[in-house]
Amino acid sequence: MYKGKKLHKSLLRAGIFVLMIGAVLVTGCTSRSLPQVTNAPEISTSSSSNSPTNGLIQSSNGGAVTIDVEWLGEKRGNLMLEVAMNTHSVDLDSYDLGKLALLSDDRGKQYLPASWDSQPGGHHRQGTLTFQAPDSEPKYFELIIRDVAGIKERIFRWELGVS
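Okay, so the sequence shown: first residue is 130 according to our numbering, each after it adds one.
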């Protein structure tokens with residue numbers, strides 16, 4: 130009978146200890162205020178006064194690959210786009226956006242990439258697509274990326290607000 134009381138006291142102490150640790154964790158986790166999320170101020174990266182009116186970042190999800198494209202604007206006579214491709218099942222290193230991408234405008238003019246600057250990344254790949262800037266200011270641009278992960282064509286569109 131003595132061993133039973135000793136075991137009972139040990140279990141009681143262990144239970145109290147676990148409850149105390151749990152109370153400390155719950156109190157510590159709930160007493161902190163969550164950080165406030167605010168929108169970052171917009172920074173103009175374009176020498177042109179025409180920034181997209183429908184957002185800087187456009188996204189496409191399909192074929193188990195998500196592609197996000199950010200409008201960086203015009204720099205040194207080139208139109209710059211930051212591209213991020215992410216997946217958990219496809220090797221993205223085989224996709225050369227310098228050959229798979231095309232930019233078009235509202236007048237039907239098409240621009241081939243001047244460069245695709247990207248390092249291999251396997252399932253997560255990021256790089257900069259550069260196009261020669263147009264001579265005139267179109268109303269919109271569409272970036273067309275073809276044949277990535279079985280998706281024939283992905284279209285990303287930026288409205289420039291030009292009348």
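Using N, Cα and C, we set each Cβ at its ideal position, and we do this for glycine too. This one's a predicted model, so the numbers in the text were calculated from it and none came from an experiment.
With contacts defined as CB atoms closer than 8 Å, F260 and N207 qualify as a contacting pair. With distances taken between CA atoms, R254 lies nearest to Y224 out of E282, Y240 and Y224. Boundaries of the alpha helix (DSSP H) around L226: L226 to L229. Of the candidates Y240, G256 and E266, G256 places its Cα closest to the Cα of D246. Nearest to I196 by C-alpha distance, out of L241, A278, D235 and A143, is A278.
Per DSSP, E282 is one residue of the beta strand (DSSP E) stretching across I280 to E288. Per the coordinates, the alpha-carbon of P181 lies some 13 Å from the alpha-carbon of M209.
Where S223 is concerned, there is no enclosing beta strand (DSSP E), because DSSP gives it neither an H nor an E. Leaving aside the five residues that flank G192 on each side, the residues in its chain whose CB is nearer than 6 Å to its CB run, in chain order, A278, G279 and I280.
Remark: C-beta atoms of L226 and L185 do not approach each other more closely than 8 Å. In this structure, the CA atom of K268 is about 7 Å from the CA atom of D234.
The closest CA to that of F270, considering only L231, V219 and D276, is found on L231.
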